[in-house]
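Visitor:
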Amino acid sequence: MNLIRWAAVAVTGLFVLMNLGTALAEDQTTWIRIAGVTLAVVGAAAAAGLALDRTWGRPAVIGVGAANVVAAFIALLTDESGFVVGLVMGGLAVLLGALASTGADHKMAPAR
728 MNLIRWAAVA VTGLFVLMNL GTALAEDQTT WIRIAGVTLA VVGAAAAAGL
778 ALDRTWGRPA VIGVGAANVV AAFIALLTDE SGFVVGLVMG GLAVLLGALA
828 STGADHKMAP AR
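Going by the numbering used here, the sequence shown runs without a break in its numbering and finishes at 839.
1) Mind checking residue 811: buried by the 16 CB within 10 Å criterion, or exposed?
2) On the premise that residue 750 lies in contact with residue 769, defined as a C-beta separation below 8 Å, what is that separation, rounded to the nearest angstrom?
3) Going by alpha carbons, who is nearest to residue 740 out of 754, 747, 771?
4) Express the C-alpha separation of residue 775 and residue 746 in angstroms, rounding to a whole number.
5) Measuring only the C-alpha atoms, how far is residue 786 from residue 754?
Structure (structure tokens):
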């Protein structure tokens with residue numbers, strides 16, 4: 728469904744902005760700021776790939792969403808703030824990315 732694909736792009740874009748905000752916050756630890764920048768850059772590329780209907784876009788959104796979930800779990804274990812939003816947004820990206828269809832999914836088989 729095209730709607731699900733665009734929802735996955737939107738959710739990925741939102742957590743890119745969230746990760747940029749985390750990276751720019753001066754009260755965050757260094758590892759969180761580095762992870763925030765990394766996830767923001769990779770997430771932007773993944774969202775663009777899915778929006779442009781590239782074959783690698785869907786797995787990239789799923790992967791970066793999963794990485795966001797892992798980072799949120801690490802933040803939970805190290806008693807950092809904001810992990811709930813990371814879990815929800817990353818989980819949504821994984822779910823919507825897995826359900827999204829791309830143009831490659833709709834190509835017809837060649838006639839015999």
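By construction, the Cβ of each residue, glycine as well, lies at the ideal position given by its N, Cα and C atoms. Quantities reported herein were computed from a predicted structural model and do not represent experimental measurements.
Guide: For this structure:
1) Burial call: exposed.
2) For a cut-off of 8 Å, the C-beta gap from residue 769 to residue 750 is around 13 Å, too long to register as a contact.
3) Among 754, 747, 771, the Cα nearest to that of residue 740 is on 771.
4) Computed Cα separation, rounded: 16 Å.
5) Just so you know, the alpha carbons of residue 786 and residue 754 end up roughly 33 Å apart.
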